[in-house]
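Residues in the sequence shown are numbered from 1 upward in steps of one, following UniProt numbering.
All C-beta atoms in this analysis are idealised placements derived from N, C-alpha and C, irrespective of residue type, glycine included.
Input: a single structure, listed below in structure tokens.
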Amino acid sequence: MQSTFSADCRQCPRLANFLDEMKSRYPDYHARPVPAFGDVAPKLLIMGLAPGMHGANRTGRPFTGDFAGILLYRTLYKFGFASHEGSASVNDNLQLMNCRITNAVKCLPPQNKPEPGEIRQCNRYLAAEINDFRKEGGIALLALGAIAHQAGLMALGLKVRDYKFSHGAVHALQGDLTLYDSYHCSRYNTQTRRLTAEMFERVFTEICAGLASDSAIQQDQD
Numbered sequence: 001m002q003s004t005f006s007a008d009c010r011q012c013p014r015l016a017n018f019l020d021e022m023k024s025r026y027p028d029y030h031a032r033p034v035p036a037f038g039d040v041a042p043k044l045l046i047m048g049l050a051p052g053m054h055g056a057n058r059t060g061r062p063f064t065g066d067f068a069g070i071l072l073y074r075t076l077y078k079f080g081f082a083s084h085e086g087s088a089s090v091n092d093n094l095q096l097m098n099c100r101i102t103n104a105v106k107c108l109p110p111q112n113k114p115e116p117g118e119i120r121q122c123n124r125y126l127a128a129e130i131n132d133f134r135k136e137g138g139i140a141l142l143a144l145g146a147i148a149h150q151a152g153l154m155a156l157g158l159k160v161r162d163y164k165f166s167h168g169a170v171h172a173l174q175g176d177l178t179l180y181d182s183y184h185c186s187r188y189n190t191q192t193r194r195l196t197a198e199m200f201e202r203v204f205t206e207i208c209a210g211l212a213s214d215s216a217i218q219q220d221q222d
């Protein structure tokens, strides 16, 4: 079974049929599995849930063109991971530095709710991404929401019960890998203030402190 990402994947019939429906309704939409975006050798890998209907499903780039991307890219820019703070189009020349963004599920699911079997089916892609990420020296994973948290642990062969999801949690994993948790930056979470910009930025402050500490250790070893 193929483990590297394929934009032609149709292994989940419900999702494949839904994307066909989207393409019929919106001919100009990407309406296919959405690849990861960002630095090819990042220190930080951000894991979202799945493409949004009128965001990544439309544009073909994670968190681009939807409400959730507003807070994410603004924060990435503020902390030096992005070349500018807006992300409305794949033609906006946005670049990510030391950061890459992917999703636990690569296809748009109906009602934004992937089924457990679809998460498991797509997990081989995430596992391959995390494996490549580690080989390139990546050390920080950020899970946006509980499903992304669980998918990341599944990809690493770790037990969810050993690493409880909560906003702001920091989990030391195998090797030098650290998993950071945040509520998803969805419209619902931000408008209800379950997640505020200040809360989100505190997570990135933790991440940057961890990256700086690792960099200092590497310099001492050189």
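Burial state of residue i (16 or more Cβ within 10 Å)
{"i": "Leu-15", "result": "buried"}
{"i": "Asp-174", "result": "In the sequence under discussion, the amino acid at residue 174 is Gln, which differs from the Asp named in the question. With fewer than 16 Cβ atoms within 10 Å of its Cβ, Gln-174 is classed as exposed."}
{"i": "Arg-32", "result": "buried"}
{"i": "Pro-42", "result": "buried"}
{"i": "Glu-21", "result": "exposed"}
{"i": "Thr-75", "result": "buried"}
{"i": "Met-1", "result": "Residue placement at Met-1 is poorly supported in this model, since its pLDDT is 46, which falls under 50; the coordinates are not used for a value here."}
{"i": "Gln-150", "result": "buried"}
{"i": "Tyr-188", "result": "exposed"}
{"i": "Asp-181", "result": "buried"}
{"i": "Arg-58", "result": "buried"}
{"i": "Asp-162", "result": "exposed"}
{"i": "His-84", "result": "exposed"}
{"i": "Asn-91", "result": "exposed"}
{"i": "Gly-157", "result": "exposed"}
{"i": "Ser-186", "result": "buried"}
{"i": "Gly-52", "result": "buried"}
{"i": "Gly-65", "result": "buried"}
{"i": "Pro-109", "result": "buried"}
{"i": "Asn-103", "result": "buried"}
{"i": "Arg-100", "result": "buried"}
{"i": "Glu-118", "result": "buried"}
{"i": "Gly-137", "result": "exposed"}
{"i": "Ala-82", "result": "buried"}
{"i": "Pro-114", "result": "buried"}
{"i": "Pro-27", "result": "exposed"}
{"i": "Pro-116", "result": "exposed"}
Candidates the options: closest to residue i by CA position
{"i": "Gly-60", "options": "Ile-147, Ser-186, Pro-35, Ala-197", "result": "Pro-35"}
{"i": "Phe-165", "options": "Ser-83, Ala-197, Ala-148", "result": "Ala-148"}
{"i": "Cys-12", "options": "Cys-107, Gly-138, Ala-128", "result": "Cys-107"}
{"i": "Val-40", "options": "Arg-134, Arg-161, Leu-195, Leu-158", "result": "Arg-134"}
{"i": "Gly-168", "options": "Glu-201, Gly-152, Lys-159", "result": "Glu-201"}
{"i": "His-30", "options": "Gly-55, Ser-6, Leu-44", "result": "Gly-55"}
{"i": "Leu-44", "options": "Met-97, Gly-117, Asp-66", "result": "Met-97"}
{"i": "Thr-4", "options": "Gly-65, Phe-79, Gln-121, Cys-99", "result": "Gln-121"}
{"i": "Ser-87", "options": "Cys-99, Leu-72, Gly-80", "result": "Leu-72"}
{"i": "Thr-190", "options": "Phe-67, Gln-95, Leu-19", "result": "Phe-67"}
{"i": "Glu-129", "options": "Gln-111, Ala-155, Pro-116", "result": "Ala-155"}
{"i": "Leu-177", "options": "Ile-101, Phe-204, Leu-153, Tyr-26", "result": "Leu-153"}
{"i": "Ser-6", "options": "Gly-80, Tyr-125, Gly-65", "result": "Tyr-125"}
{"i": "Phe-204", "options": "Phe-79, Pro-62, Thr-192, Cys-185", "result": "Phe-79"}
{"i": "Met-199", "options": "Ala-172, Lys-23, Tyr-183, Asn-17", "result": "Tyr-183"}
{"i": "Ser-89", "options": "Gly-69, Lys-23, Leu-211", "result": "Gly-69"}
{"i": "Glu-206", "options": "Asn-131, His-171, Pro-62, Asn-93", "result": "His-171"}
Beta-bridge partners of residue i, as assigned by DSSP
{"i": "Ser-182", "result": "Leu-144"}
{"i": "Ala-36", "result": "Paired residues: none, contrary to the question."}
{"i": "Asn-103", "result": "Gly-48"}
{"i": "Leu-96", "result": "Ala-82"}
The ligand NAD heavy atom lying under 7 Å from the CB of residue i
{"i": "Pro-33", "result": "In the structure on display, the ligand NAD does not appear, and there are no ligands present to speak of."}
Next item on the list: Pair every Cβ in the segment 42 to 49 with every Cβ in the segment 136 to 147, then say whether three or more of these pairs are closer than 8 Å.
Entry: yes
Next item on the list: Taking only runs that begin and end inside the segment 116 to 180, name each unbroken alpha helix (DSSP H) of 4 or more residues, in chain order.
Entry: If we require 4 residues or more, the alpha helix (DSSP H) runs fully inside the segment 116 to 180 come out as 116 to 135, 146 to 155.
Note to self: Threshold first: 3 residues or longer. Then list the beta strand (DSSP E) segments lying entirely within the segment 44 to 80, N to C.
What the structure shows: 44 to 48
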